[in-house]
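Scroll down for the structure; my scribbles are underneath it.
Protein chains: 2
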Amino acid sequence: MSIPRFFCFKEDIKKEFITLKKEDRNHIVKSLRLGIGDAIDVSDRIDTIYKTKISSVSPKEISLEIIEKRKFSPKKIKITLFQSLLKGQRMDDLIKKTTELGVEEIIPVFTSRTIKKYNERGLKNKLARWKKISLEASMQSHRDKPSDVKNPIYFDNLIDTAEKFDIFILTWRGEKKRRISDIKFNMGISKIGYIIGPEGGFSPDEASLLISKGAISVSLGKNILRSETAAVAVMAILSDKLNF
Amino acid sequence: MSIPRFFCFKEDIKKEFITLKKEDRNHIVKSLRLGIGDAIDVSDRIDTIYKTKISSVSPKEISLEIIEKRKFSPKKIKITLFQSLLKGQRMDDLIKKTTELGVEEIIPVFTSRTIKKYNERGLKNKLARWKKISLEASMQSHRDKPSDVKNPIYFDNLIDTAEKFDIFILTWRGEKKRRISDIKFNMGISKIGYIIGPEGGFSPDEASLLISKGAISVSLGKNILRSETAAVAVMAILSDKLNF
């Protein structure tokens, strides 16, 4: 079995020791059933992986002794998924899989055809849940740096954001020809965004607006894909292309 | 909303009418709530899509009048997924998504590290369930021809099968360099197979044996992917590459 990976913050590191709190402590002791002397890898989320051994366990925290440090290079290309909110399990599922495949961040989007079923409190709870799912999937897939799920935005606010990307991909059923493999990814690009619509797709207005702002529309083929399948498919294709 | 798609067999077509039985009949009447005059597309699974209108409904079947026929070209390249059996929902999930992405058939495989938890009867029930899932996903994604899930096989029996493919891809954590984008897909290939291991991966013996038989080992990147994510990712990459 491979060595479990956890994430800490710089302030959790003091000299030769890293302290992990409640939730991680319980995960290590109760779920993984590890104890003194067992190995854990910890990423500081910035540029270093620490190889550690468990040195002590208290009811509220766990102390890890640093054995070795290894620098990692942050990814040169960062991929942001703009995802029309989906109901239930489907959102969870795509967060997990795109995280495993290397997405940098996921920004839920309300489009005109998004089925909105959240009040403010419901949405806050959902967001906390999604963040947890992306952190756990980051641990399980041994990412150097975890992915994150950001606050949901409205489509109108997306437009300005889209312009900040080197490449912004719009998966759209109105596009019949261009595939992702037709896009040229030049050296030097660093920010790629892609947006996945709701089950009913984007409205023609939304699609035209994005295209007028420089978004590249692509087809994912003749079959009708569910929204969460499209989200995972694009991330898989990009990760292969960009050697993630 | 797009017109719902169903699948029939040649024997269901009599002159200008197609008859669909119990399950499809109920799906159309009860779930989709369609009635006389509503449009349904039906594929004969071979080479023709029939545009039809509902002409009569009886308790046991539904009769559709053919309005128009359209030939489709069967895919030139067929992709078979050999999938180490996974527990629960995860198998269902990958069958759905790879079907949407155009997989031709899925063959469950028992590898040395597959967690086997089925008795003969349990496996028979599972297979029936998987076939149903692949058929439903084929309908929802409007495939011309449905995908199918075949009888599970043992890894030992896979070896001879693998040699019958033009390209056979082994996703393997032992491969550190070659990505799917490095594989040349020449004109004229018609059969591609790929195999996805269980959570613990293939044993070194299994991997060497497949490679000695001509399988091409590929890496899906540095992150550790769950088995079902890998299955979907490879299908997505191939469908983009081969213009599915």
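Chains A and B, in that order, give the protein sequences.
Just so we're aligned: 109 in this note's numbering is position 102 of the first sequence, and the numbers increase by one with no gaps anywhere.
Just so we're aligned: 178 in this note's numbering is position 171 of the second sequence, and the numbers increase by one with no gaps anywhere.
Here a beta-carbon is modelled for each residue, glycine too, at the ideal position from N, C-alpha and C.
Quick caveat: nothing in here was measured; it's all calculated off a predicted structure.
Buried versus exposed call for Asn-230 of chain B [16 or more other C-beta atoms within 10 Å across all chains shown]: As a first step, residue 230 of chain B must be located in the second sequence, where it is residue number 223. Answer is buried; the Cβ neighbour count reaches 16.
Segment limits, alpha helix (DSSP H) that includes Gly-200 of chain A: Mapped onto the first sequence, residue 200 of chain A falls at position 193. First-last for Gly-200 of chain A: 198 to 203, but that is the beta strand (DSSP E), not the alpha helix (DSSP H).
Given 8 angstroms, three or more beta-carbon pairs between the stretch 195 to 211 of chain B and the stretch 203 to 217 of chain A: With the cut-off at 8 angstroms, the stretch 195 to 211 of chain B and the stretch 203 to 217 of chain A do not touch.
Exposure label - Gly-221 of chain B; buried when at least 16 CB within 10 Å: Start at 1 with the first residue of the second sequence, and residue 221 of chain B comes out as number 214. Residue environment analysis places Gly-221 of chain B among the exposed positions, since fewer than 16 neighbouring C-beta atoms fall within 10 angstroms of its C-beta.
Reduced DSSP secondary structure (H/G/I, E/B, other) of Ala-46 of chain B: In the second sequence, the residue the question calls residue 46 of chain B occupies position 39. Three-state result, Ala-46 of chain B: strand.
Residue(s) in a DSSP beta bridge with Phe-117 of chain B: Within the second sequence, the letter at position 110 stands for residue 117 of chain B. According to DSSP, Phe-117 of chain B bridges with B:Tyr-161.
Minimum Cβ-Cβ distance from Ala-238 of chain B to chain A less than 8 angstroms: Along the second sequence, read from residue 1 onward, the residue named residue 238 of chain B stands at position 231. So no, Ala-238 of chain B is outside the interface.
Proximity test, Cβ basis, 8 angstroms: Gln-147 of chain A and chain B: Taking the first residue of the first sequence as position 1, residue 147 of chain A is located at position 140. At a cut-off of 8 angstroms between C-beta atoms, Gln-147 of chain A counts as an interface residue with respect to chain B.
Contacts that Arg-233 of chain B makes with chain D (C-beta to C-beta distance below 7 angstroms): Checking the listed chains, one finds no chain D in this structure; the protein chains it contains are A and B.
Contact with chain A by Lys-104 of chain B, beta-carbon distance below 8 angstroms: Locating residue 104 of chain B in the second sequence gives position 97, counting from the first residue. With 8 angstroms as the cut-off, Lys-104 of chain B counts as an interface residue toward chain A.
CB-CB length for Ile-199 of chain A against Ile-114 of chain A, believed under 8 angstroms: Along the first sequence, read from residue 1 onward, the residue named residue 199 of chain A stands at position 192. Along the first sequence, read from residue 1 onward, the residue named residue 114 of chain A stands at position 107. About 13 angstroms; that fails the 8 angstroms criterion.
Alpha carbon of Lys-29 of chain B to alpha carbon of Ile-43 of chain B, nearest angstrom: Counting from one through the second sequence, the residue named residue 29 of chain B turns up at place 22. Counting from one through the second sequence, the residue named residue 43 of chain B turns up at place 36. So the alpha carbons of these two residues sit roughly 17 angstroms apart.
Local conformation of Arg-40 of chain A per DSSP, three classes: Position 33 of the first sequence, counted from the start, is the residue given in the question as residue 40 of chain A. Residue state, collapsed to three classes: coil.
Pairwise C-alpha distance: Asn-193 of chain A and Asn-158 of chain B: Numbered from 1 along the second sequence, position 151 holds the residue referred to as residue 158 of chain B. Numbered from 1 along the first sequence, position 186 holds the residue referred to as residue 193 of chain A. In this model, Asn-158 of chain B and Asn-193 of chain A are separated by some 45 angstroms (Cα to Cα).
Status (buried if at least 16 other CB within 10 Å, exposed otherwise) for Ser-141 of chain A: Within the first sequence, residue 141 of chain A is the residue found at index 134, counting from 1. So Ser-141 of chain A counts as buried.
Among B:Leu-177, B:Arg-32, B:Arg-185, the one whose alpha carbon lies nearest that of Ser-219 of chain B: Position 212 of the second sequence holds residue 219 of chain B. The candidate whose alpha carbon is nearest that of Ser-219 of chain B is B:Leu-177.
Buried or exposed by the 16-neighbour rule on C-beta atoms within 10 Å, applied to Leu-245 of chain B: For this step, residue 245 of chain B is matched to residue 238 along the second sequence. The Cβ neighbour count for Leu-245 of chain B, taken over all protein chains shown within 10 Å, is at least 16; the residue is labelled buried.
Where Phe-251 of chain A falls, given that 16 or more other Cβ within 10 Å makes a residue buried: Taking the first residue of the first sequence as position 1, residue 251 of chain A is located at position 244. So Phe-251 of chain A ends up on the buried side.
Within chain B, the residues that Asn-250 of chain A reaches when beta carbons sit closer than 9 angstroms: Walking along the first sequence from the start, residue 250 of chain A turns up at place 243. Those are Arg-186, Ser-188, Gly-228, listed as they occur along chain B.
Proximity test, Cβ basis, 8 angstroms: Ala-243 of chain A and chain B: If you number the first sequence from 1, residue 243 of chain A lands on position 236. At least one chain B Cβ lies under 8 angstroms of Ala-243 of chain A.
Cross-strand partners of Ser-70 of chain B (DSSP beta bridge): Taking the first residue of the second sequence as position 1, residue 70 of chain B is located at position 63. In the DSSP secondary-structure assignment, Ser-70 of chain B is bridged to B:Thr-26, B:Ser-63.
When B:Glu-170, B:Arg-180, B:Val-225 are compared against Glu-206 of chain B, the one with the closest alpha-carbon: The count along the second sequence starts at 1 and reaches residue 206 of chain B at position 199. Ranking the options by Cα distance to Glu-206 of chain B, first place goes to B:Arg-180.
Closer than 7 angstroms: Ile-203 of chain A CB and nearest the ligand PLP heavy atom: Looking for the ligand PLP in the displayed structure turns up nothing, as the structure carries no ligands at all.
Rounded separation between Thr-236 of chain A and Asp-100 of chain A - CA only: As a first step, residue 236 of chain A must be located in the first sequence, where it is residue number 229. As a first step, residue 100 of chain A must be located in the first sequence, where it is residue number 93. One C-alpha to the other measures close to 9 angstroms.
Distance CB(Lys-78 of chain A)-CB(Leu-71 of chain A) smaller than 8 angstroms: Against the first sequence, residue 78 of chain A aligns to sequence position 71. Against the first sequence, residue 71 of chain A aligns to sequence position 64. No, the Cβ-Cβ distance between Lys-78 of chain A and Leu-71 of chain A is not below 8 angstroms.
Proximity below 8 angstroms, CB of Leu-249 of chain B to CB of Ala-240 of chain B: Residue mapping note: residue 249 of chain B aligns to position 242 of the second sequence, counting from 1. Residue mapping note: residue 240 of chain B aligns to position 233 of the second sequence, counting from 1. Not in contact: Leu-249 of chain B and Ala-240 of chain B (Cβ atoms no closer than 8 angstroms).
Backbone CA spacing between Lys-191 of chain B and Ile-174 of chain B [nearest angstrom]: The residue labelled residue 191 of chain B in the question sits at position 184 within the second sequence. The residue labelled residue 174 of chain B in the question sits at position 167 within the second sequence. For Lys-191 of chain B and Ile-174 of chain B, the distance between alpha carbons rounds to 10 angstroms.
Per DSSP, cross-strand counterpart(s) of Phe-16 of chain A: Within the first sequence, numbered from 1, the residue matching residue 16 of chain A stands at position 9. The beta-bridge partner set that DSSP reports for Phe-16 of chain A is empty.
Minimum length 4: unbroken alpha helix (DSSP H) runs contained in the stretch 140 to 194 of chain A: Fully enclosed alpha helix (DSSP H) runs of 4 or longer: 162 to 169.
Boundaries (first-last residue) of the alpha helix (DSSP H) holding Lys-104 of chain A: By one-based count along the first sequence, residue 104 of chain A stands at place 97. Residues 96 to 107.
Partners in chain A for Ser-246 of chain B, counting only beta-carbon separations shorter than 7 angstroms: Working through the second sequence from its first residue, we reach residue 246 of chain B at position 239. At a beta-carbon threshold of 7 angstroms, the residues of chain A lying near Ser-246 of chain B are Gly-228, ordered along the chain.
Stretch-stretch touch, CB-based, cutoff 8 angstroms, three pairs: the stretch 119 to 130 of chain B with the stretch 164 to 171 of chain B: With a cut-off of 8 angstroms, the stretch 164 to 171 of chain B and the stretch 119 to 130 of chain B do not count as touching, because too few Cβ pairs lie within range.
With 16 other Cβ atoms within 10 Å as the buried cut-off, status of Ser-12 of chain A: Numbered from 1 along the first sequence, position 5 holds the residue referred to as residue 12 of chain A. For the record, residue 12 of chain A in the displayed sequence is Arg; it is not Ser. Of the residues assessed, Arg-12 of chain A falls on the buried side of the cut-off, its CB having 16 or more other CB atoms within 10 angstroms.
Chain-ordered chain A contacts of Arg-136 of chain B [CB-CB under 7 angstroms]: For this step, residue 136 of chain B is matched to residue 129 along the second sequence. Contact annotation for Arg-136 of chain B against chain A: no contact, minimum CB-CB distance about 18 angstroms [criterion: below 7 angstroms].
Residues of the stretch 76 to 98 of chain A with Cβ closer than 8 angstroms to any Cβ of chain B, in chain order: For the stretch 76 to 98 of chain A, which is checked against every Cβ of chain B, not one residue is closer than 8 angstroms.
Within chain A, the residues that Arg-150 of chain B reaches when beta carbons sit closer than 7 angstroms: Locating residue 150 of chain B in the second sequence gives position 143, counting from the first residue. In chain order: Asn-230.
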